[in-house]
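Novice:
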Amino acid sequence: MIAKTRGNTAEFVHQRLLDDLQQGSFLPGDKLTTESLARRYDVSRTPVREALIRLEREGVVDATANSGYEIRTPTLDELCDMYEIREALEGLAVAKLAENGASPELIAELRSCCDRRRHAANLDETDTGDRQFHALICDSCGSETLQALVHNYLVLSTVFNVTRYLLKDRPNFNRHDIDLEHERIVDAIEAGNPKLARKLLAEHIAYARKLMRKLVRK
Numbered sequence: 007m008i009a010k011t012r013g014n015t016a017e018f019v020h021q022r023l024l025d026d027l028q029q030g031s032f033l034p035g036d037k038l039t040t041e042s043l044a045r046r047y048d049v050s051r052t053p054v055r056e057a058l059i060r061l062e063r064e065g066v067v068d069a070t071a072n073s074g075y076e077i078r079t080p081t082l083d084e085l086c087d088m089y090e091i092r093e094a095l096e097g098l099a100v101a102k103l104a105e106n107g108a109s110p111e112l113i114a115e116l117r118s119c120c121d122r123r124r125h126a127a128n129l130d131e132t133d134t135g136d137r138q139f140h141a142l143i144c145d146s147c148g149s150e151t152l153q154a155l156v157h158n159y160l161v162l163s164t165v166f167n168v169t170r171y172l173l174k175d176r177p178n179f180n181r182h183d184i185d186l187e188h189e190r191i192v193d194a195i196e197a198g199n200p201k202l203a204r205k206l207l208a209e210h211i212a213y214a215r216k217l218m219r220k221l222v223r224k
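Counting from 7, one number per residue, gives the positions in the sequence shown under our numbering.
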């Protein structure tokens with residue numbers, strides 16, 4: 007059993023569950039029980055229960071009969087809503103970052119995220135690089151309130167990333183264009199141009215939303 011305080015253990019389980027969800031270890035519709043997750047993460051059932059309650063509040067899982075949980079299966083409209091909210095919130099976050107001024111160290115870190123994604127060896131590494139890029143912008147925007155809002159919808163859209171599964175046999179689909187979009191966003195941040203940074207990031211997320219809708223409707 008992992009020696010952690012109860013609160014820390016619940017946070018550990020919550021993060022591990024999110025990581026597993028984002029990496030596709032669990033899929034929408036999958037059943038989750040406190041017993042199976044306690045064994046998986048080598049913890050007691052209490053912090054697992056607390057983590058699942060938190061994920062229910064965040065819109066990731068639904069409670070089912072017999073104290074179980076099920077990973078939500080959002081509708082296409084709900085998925086599109088998540089992306090549209092991200093367009094607005096992340097657009098505001100990147101504008102704040104560009105307006106406030108990003109340090110050379112942060113610019114270097116953002117470019118490092120771009121490099122990791124560009125040189126990713128597989129789809130998992132590509133997705134990880136993408137999440138890190140968007141999360142870093144969110145974490146650096148200078149507003150804790152905005153950061154919390156962006157993070158929630160960033161998690162939801164990556165947990166329910168249906169495009170990943172629809173394109174699993176085409177891992178390099180549009181990869182070069184997305185890498186260029188990321189680099190242009192960093193250029194706008196470095197130039198201190200909030201209007202351009204906001205426009206580029208909103209267009210970047212809007213493209214992902216439109217692609218998802220098109221693929222799901224095929």
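Built from N, CA and C at the ideal position, the CB exists for glycine as well.
Residues in the same chain with beta-carbon distance under 8 angstroms from S149, minus the five sequence neighbours each way, listed in chain order, please.
Specialist: Around S149: A99, K102.
Novice: Could you tell me which of E96, L38, A212 sits nearest to S146, measuring between CA atoms?
Specialist: Cα-wise, what sits closest to S146 is E96.
Novice: Distance check for R63 and R92, CA to CA, integer angstroms please.
Specialist: Between R92 and R63, the C-alpha separation is close to 19 angstroms.
Novice: With which residues is E76 paired in a DSSP beta bridge?
Specialist: BP columns for E76 point to K37, D68.
Novice: Does the count of Cβ pairs from the segment 79-92 and the segment 177-197 closer than 8 angstroms reach three?
Specialist: Touching, no, given that fewer than three Cβ pairs across the two stretches are closer than 8 angstroms.
Novice: Just reading off the alpha helix (DSSP H) that G97 is part of, what are its end residues?
Specialist: From DSSP, the alpha helix (DSSP H) with G97 extends over 82-106.
Novice: Using only the alpha-carbon positions, how far apart do C120 and D48 sit?
Specialist: Between C120 and D48, the C-alpha separation is close to 35 angstroms.
Novice: Using C-beta distances below 6 angstroms, list every residue in its chain close to T15, excluding the 5 sequence neighbours before and after it, in chain order.
Specialist: These residues qualify, in order along the chain: V49, P53.
Novice: Under the rule that 16 or more other beta-carbon atoms within 10 Å means buried, what is L82, buried or exposed?
Specialist: L82 should be labelled exposed.
Novice: Comparing C-alpha positions only, which one of T40, D133, F18 sits nearest to S163?
Specialist: With distances taken between Cα atoms, S163 lies closest to D133.
Novice: Apply the 10 Å Cβ neighbour rule to T227 and answer buried if 16 or more other Cβ atoms are within range, or exposed otherwise.
Specialist: Coverage of the chain is limited to positions 7 through 224, which leaves residue 227 absent and any answer about it impossible.
Novice: Does DSSP put L142 in a helix, in a strand, or in coil?
Specialist: Note: L142 maps to helix in three-state DSSP.
Novice: Taking the Cβ atom as the reference point for each residue, do R204 and A57 lie within a distance shorter than 9 angstroms?
Specialist: Cβ atoms of R204 and A57: not closer than 9 angstroms.
Novice: For K10, collect the residues of the same chain with a Cβ closer than 7 angstroms to its Cβ; drop the 5 residues on either side in sequence, then sort them by chain order.
Specialist: Because K10 carries a pLDDT of 49, less than 50, the predicted location of this residue cannot be relied on, and the following value inherits that uncertainty. Result list for K10: F18, in chain order.
Novice: Quick one: measure Cβ to Cβ for I195 and A108, integer angstroms, because I've assumed they're closer than 8 angstroms.
Specialist: About 5 angstroms; that satisfies the 8 angstroms criterion.
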